[in-house]
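The next block holds one structure in the form of structure tokens; read it before the comments.
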Amino acid sequence: MKVKTHLLSLFGLLFGCGMPDMLVKKGDPFPEFELFSHTGTNVTKGDLLGQASVVWFYPKAATPG
108 MKVKTHLLSL
118 FGLLFGCGMP
128 DMLVKKGDPF
138 PEFELFSHTG
148 TNVTKGDLLG
158 QASVVWFYPK
168 AATPG
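Residue numbers (our numbering): 108 to 172.
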């Protein structure tokens, strides 16, 4: 049990801190992206330009905890 707890703690420390060079700061231009929507269509930054849009990121999606 202690080994599992220590391994999970180490994993969280290594991967939960984020990468400072990849963080978006206030005032930075919105990064280019390409993703699939909930309907399965491909969406890029260019598709959303000129219209009101909400882009929501789940920073802990698909991670344990």
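Backbone N, C-alpha and C fix where the C-beta goes; we use that ideal spot for every residue, glycine too.
Asked                                                                                                                                                             : Found
Output the distance between the C-alpha atoms of Asp-154 and Glu-139, rounded to the nearest integer angstrom.                                                    : 11 Å
Since I believe Val-150 is in contact with Leu-142 (beta carbons under 8 Å), could you give me their beta-carbon distance rounded to a whole number of angstroms? : 6 Å
In the DSSP assignment, find the alpha helix (DSSP H) that holds Leu-155 and state where it starts and stops.                                                     : 152 to 155
Run through DSSP, which three-state label would Glu-141 get?                                                                                                      : strand
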